[in-house]
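In this note's numbering, the protein residues as written are 761 to 1351.
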């Protein structure tokens, strides 16, 4: 039936000119042709398509058959597959390139989520054929095709492990490999080795640049990209990354120009916002990771830049990656920061670098990773990189960095860690021949005043600030024991009476208040247990405990007692250090 309708329509239209075909003719050709393909009459349809008398009809209407053809070709085992391939090949030769392009891209956009990879791999070669038929005016069409393809590729899950990449269950690796074959002739056309380049080449070069930038952002920024030394060949996604960077080089984009452009360009230059769109920051951050961490195409990067300059240039990329929450970006940011720091000599970063805002922004984001990231290994890695960054500063820079972090980190654990570093610097300075003006004497005292402080005075929450308070007391005890009164290299003995007033006395008052509060709560719970022992079941919740103006969650009496006893043990520990300090201070104060 469909075949008869198609034959009747074709015979009627053979005598008409292209511009005289009616809308109902197009609709009938599409409907009948689709039915022929679905009913298995693709062989007879091929005869009609190839008939020289129907050339004008096929040229005008043939692209409407793309949808049913693609559906059959995706099945791969359909008996009409050879005929459908021949029909598609003939359509690519005869139909309008622009109409074919639109039709093929529609099939890519409308691909079912389960067949995205198969659809892309099937249509890349036809798309390439169509685009090459467009001649010198194909740049915008190439850009449209690449944008559509990458948008669909971005929907595919990125393999997380080497096993997943080898399995390639969703076809992402297959698509990336096929995309490289797809863009090859366009890259060759604009390659910088050619003697002449016109406006069309520049436009095509821009579209290829967009392709590379989008590929760096998705999927490469999500990919692992690590290489297995026992595997002779690169994994598929690493190979894709290598080729993307190679394309950048071949179209005239130098790696230093890309990675250092935020340092080299000036904000007042016209069009800088357009530059940010042309060179997305996240893509450049991924490129920096690939180069300096994975050493992808590092042989093309000049070896003339100092480690300090590379660190400074990478800080923007690192800051961007560490400001995100995705595991892949955080991991890449930590790795890039670590690799950038490792090449820098310990104690060599000058204090002038701290005048750059980025050298405080990165530690700020690093602190968030260390304290808020739910992934344990990233928190651990964040702490080790944080210490590595401290080790690279010179003495004056360490001093100013510590002072700023104590005022801005707003996290007792981080503040305690900084104070531990301060103690290490003082210990190093007190050794013979290591003296420096920043962690001894006059400069040390302002830093110690920041260390030995209670934000809310006696009412400071000592449990919440436990790490900072304990490290502060430990540092003070160390100074009183290590720095003898008659030497007073740190100046601690001169400052001691002031420390008594602004730190030790308020701390003693706060400690007594906290202990009294918790002991009262403990006594109340014990009394309630005796009164209500017969009424309460073993695990039933009781009234909540209020600590620091916050209610603890409902707990059994046993759990409440455990929490309160733990707090009291903490206060005992704090008081033992405080008592020792008071004993050491008495040696100076009483006489």
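Each residue gets a CB set at the ideal place from its N, CA and C atoms; glycine is no exception.
Only a predicted model underlies this, so the values are computations on that prediction, with no experimental measurement involved.
Anticipated Cβ contact below 8 Å, residue i with residue j, distance rounded
{"i": "residue 996", "j": "residue 937", "result": "6 Å"}
{"i": "residue 877", "j": "residue 932", "result": "7 Å"}
{"i": "residue 1050", "j": "residue 1122", "result": "Not a contact, Cβ separation roughly 20 Å."}
{"i": "residue 1039", "j": "residue 1021", "result": "6 Å"}
{"i": "residue 1138", "j": "residue 1129", "result": "6 Å"}
{"i": "residue 1157", "j": "residue 1110", "result": "6 Å"}
{"i": "residue 1242", "j": "residue 1338", "result": "Rounded, the Cβ-Cβ distance is 18 Å, inconsistent with contact."}
{"i": "residue 1345", "j": "residue 1202", "result": "Wrong, their Cβ atoms sit about 21 Å apart, outside the cutoff."}
{"i": "residue 1053", "j": "residue 1095", "result": "5 Å"}
{"i": "residue 1225", "j": "residue 1172", "result": "5 Å"}
Paired residues, beta bridge with residue i - DSSP
{"i": "residue 1153", "result": "1109"}
Beta-carbon proximity check, residue i vs residue j, cutoff 9 Å
{"i": "residue 1101", "j": "residue 1148", "result": "yes"}
{"i": "residue 901", "j": "residue 970", "result": "no"}
{"i": "residue 1221", "j": "residue 1175", "result": "no"}
{"i": "residue 1240", "j": "residue 1275", "result": "no"}
{"i": "residue 1125", "j": "residue 1079", "result": "yes"}
{"i": "residue 832", "j": "residue 841", "result": "yes"}
{"i": "residue 1046", "j": "residue 980", "result": "yes"}
{"i": "residue 1199", "j": "residue 1164", "result": "no"}
{"i": "residue 830", "j": "residue 879", "result": "yes"}
{"i": "residue 911", "j": "residue 939", "result": "no"}
{"i": "residue 896", "j": "residue 861", "result": "no"}
{"i": "residue 1104", "j": "residue 1067", "result": "yes"}
{"i": "residue 854", "j": "residue 822", "result": "yes"}
{"i": "residue 942", "j": "residue 1008", "result": "no"}
{"i": "residue 1249", "j": "residue 1190", "result": "yes"}
{"i": "residue 721", "j": "residue 946", "result": "Only positions 761 to 1351 of the chain appear in this structure, which leaves residue 721 out of reach."}
{"i": "residue 1108", "j": "residue 1152", "result": "yes"}
{"i": "residue 1212", "j": "residue 1262", "result": "yes"}
{"i": "residue 858", "j": "residue 894", "result": "yes"}
{"i": "residue 1218", "j": "residue 1273", "result": "yes"}
{"i": "residue 756", "j": "residue 977", "result": "In this structure the chain extends from 761 to 1351, so residue 756 is not present and cannot be described."}
{"i": "residue 1233", "j": "residue 1341", "result": "yes"}
{"i": "residue 1004", "j": "residue 972", "result": "yes"}
{"i": "residue 983", "j": "residue 856", "result": "no"}
{"i": "residue 1160", "j": "residue 1116", "result": "no"}
{"i": "residue 909", "j": "residue 892", "result": "no"}
Between the CA atoms of residue j and residue i - distance to the nearest angstrom
{"i": "residue 1270", "j": "residue 1280", "result": "15 Å"}
{"i": "residue 999", "j": "residue 1231", "result": "49 Å"}
{"i": "residue 783", "j": "residue 802", "result": "24 Å"}
{"i": "residue 882", "j": "residue 918", "result": "20 Å"}
{"i": "residue 923", "j": "residue 985", "result": "13 Å"}
{"i": "residue 1086", "j": "residue 1142", "result": "15 Å"}
{"i": "residue 767", "j": "residue 1037", "result": "53 Å"}
{"i": "residue 1296", "j": "residue 1285", "result": "Confidence at residue 1296 is low in this model, with a pLDDT of 47, below 50, so the placement of that residue is unreliable and no value is reported for it."}
{"i": "residue 806", "j": "residue 847", "result": "6 Å"}
{"i": "residue 899", "j": "residue 866", "result": "19 Å"}
{"i": "residue 787", "j": "residue 875", "result": "27 Å"}
{"i": "residue 1030", "j": "residue 1070", "result": "Because the pLDDT at residue 1030 is just 48, under 50, the model does not fix this residue reliably, and the value given afterwards should be weighed accordingly. Their Cα atoms are separated by approximately 26 Å."}
{"i": "residue 1182", "j": "residue 1162", "result": "7 Å"}
{"i": "residue 794", "j": "residue 824", "result": "9 Å"}
{"i": "residue 817", "j": "residue 966", "result": "37 Å"}
{"i": "residue 1245", "j": "residue 1253", "result": "6 Å"}
{"i": "residue 1236", "j": "residue 1205", "result": "12 Å"}
{"i": "residue 849", "j": "residue 809", "result": "11 Å"}
{"i": "residue 1099", "j": "residue 1065", "result": "15 Å"}
{"i": "residue 1097", "j": "residue 1048", "result": "10 Å"}
{"i": "residue 790", "j": "residue 890", "result": "21 Å"}
{"i": "residue 820", "j": "residue 834", "result": "25 Å"}
{"i": "residue 1320", "j": "residue 1331", "result": "17 Å"}
{"i": "residue 1282", "j": "residue 1106", "result": "51 Å"}
{"i": "residue 1077", "j": "residue 1184", "result": "31 Å"}
{"i": "residue 994", "j": "residue 1073", "result": "28 Å"}
{"i": "residue 961", "j": "residue 944", "result": "14 Å"}
{"i": "residue 1223", "j": "residue 1287", "result": "25 Å"}
{"i": "residue 864", "j": "residue 844", "result": "15 Å"}
{"i": "residue 930", "j": "residue 1333", "result": "57 Å"}
{"i": "residue 1186", "j": "residue 1325", "result": "36 Å"}
Whole alpha helix (DSSP H) elements within the region 1227-1285, 4-residue minimum: 1252-1259
Mind pulling the alpha helix (DSSP H) runs of 4 or more residues that sit fully within the region 815-895? 815-821, 826-835, 841-854, 857-869 and 876-893
Contained alpha helix (DSSP H) runs [length at least 4] in the region 1076-1108, N- to C-terminal order: 1087-1102
Contiguous alpha helix (DSSP H) assignments of at least 4 residues, all confined to the region 928-994: 932-950 and 959-977
Within the region 1034-1078, ranges of the beta strand (DSSP E) (whole runs, at least 3 residues): none
At 4 residues or longer, and completely inside the region 1151-1194: list those alpha helix (DSSP H) runs for me, N to C. 1155-1168 and 1172-1190
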